[in-house]
Amino acid sequence: MVNTPLPHSLKSEAKKAAKILREFTVPSAKAGPDKLIPSGILMKAKGLAILTVVRAGFLVTARGGSGIVIAKLADDLIDAEWSAPAAIGMAGLGGGFEIGAEVTDFVIILNSRSAVEAFSKGGNLTLGGNFSIAAGPLGRNLEADMAVRSPAAIYTYSKTKGIFAGISIEGSAIVERKDANKKFYDREIRAYQILQGEVDAPEECAALYEVLRMHREKAKDAALALAKKQAAKHAEAGTEKLRDKFNIPVCIDKSRMKFGHS
């Protein structure tokens, strides 16, 4: 079923975002683990924007859509709670000899606080200006994901329905939907206030937070497994050094190496 790119209430946008995020992160008959957003990427994200965008045109193309943006409320990237959602829109024009129409779901990973701030500021943000944008990696190699020290400021993931080969968000404008936010939160409130935690995560958006909690636990388990693997590797390396130095066998009891969540 194709998601609608038309602006709706924030409650509806959050419900749509939960559905999209689940499709991008949970294995299914159509997408195995190697075709999903890696848990390590989500674990390190400072924020997420989830939108549905339509593009249509003949020679000149126009694109527009709607969605939400959320942000982590602390620098503890694994256990940090997520903010309430803010409603946003996307608009843009492009050239090229393209005829047709397509609808695309996007999950946009915000890898820096400055990227989150840019998405939350007043006025329009034109993507591809001050921030590097790259197609996000796919798969389940947490070790490789954690080793990325300087990722692009923004990763994009997309799934398209239609006849275009793809869609670029560079040059698109992100717009704060003030009226939708005001109606949902029943007061004047700006996107940056929402993303800073001035309002609590609403119960109406429970489906979205359930997906995020599920993925947080998955990321914790993956990080724990990685820590065990690395500790065992280091212990074995230390054993080899002792054996070489003293020419005696050394036994490491791995069963006594304990790990767990704090």
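Residues 1 to 262, numbered by the UniProt record's numbering, are exactly what the sequence shown covers, in order.
The beta carbon of each residue, even a glycine, is placed where N, CA and C say it ideally should be.
Since the model is a prediction, treat every value here as computed from it, not as a measurement.
Does DSSP put residue i in a helix, a strand or coil?
i       : result
Ile-154 : strand
Ala-180 : helix
Val-116 : helix
Are the CB atoms of residue j and residue i within a distance shorter than 8 Å?
i           : j       : result
Gly-64      : Thr-52  : no
Ser-120     : Tyr-192 : yes
Thr-104     : Ser-158 : yes
Thr-61      : Gly-89  : no
Ala-134     : Ala-101 : no
residue 319 : Pro-38  : There is simply no residue 319 to check, as the chain begins at 1 and stops at 262 in what is shown.
Ala-86      : Ile-194 : yes
Glu-204     : Ala-14  : yes
Gly-47      : Leu-110 : yes
Ala-201     : Ile-78  : no
Pro-5       : Ala-180 : no
Phe-106     : Ala-118 : no
Ala-173     : Gly-92  : yes
Ala-215     : Leu-59  : Reading off the sequence shown, one finds His at residue 215, where the question assumed Ala. No, the Cβ-Cβ distance between His-215 and Leu-59 is not below 8 Å.
Val-199     : Ala-49  : no
Lys-218     : Ser-9   : no
From residue i to residue j, what does the alpha carbon distance come to, in whole angstroms?
i       : j       : result
Ala-153 : Ile-108 : 10 Å
Lys-220 : Lys-11  : 29 Å
Glu-176 : Ala-18  : 20 Å
Val-2   : Lys-16  : 11 Å
Ile-20  : Val-54  : 15 Å
Arg-213 : Tyr-155 : 21 Å
Leu-226 : Ile-70  : 28 Å
Thr-25  : Ala-235 : 34 Å
Ser-80  : Lys-161 : Strictly speaking, residue 80 in this sequence is Ala, with Ser absent from that position. If I take the Cα positions, the gap works out to 34 Å.
Val-211 : Gly-40  : 15 Å
Ser-112 : Ala-45  : 8 Å
Gln-230 : Arg-190 : 44 Å
Tyr-209 : Glu-23  : 15 Å
Does residue i come within less than 8 Å of chain C when only Cβ atoms are used?
i      : result
Ile-78 : This model lacks chain C altogether, as it is built from one protein chain only.
Inside the region 9-77 only - alpha helix (DSSP H) runs reaching at least 4 residues: 10-25, 39-44
4-residue-minimum alpha helix (DSSP H) runs that sit fully inside the region 189-246, ordered along the chain: 191-195, 206-246
The region 70-83 / the region 30-40 touching (three or more Cβ pairs under 8 Å): no
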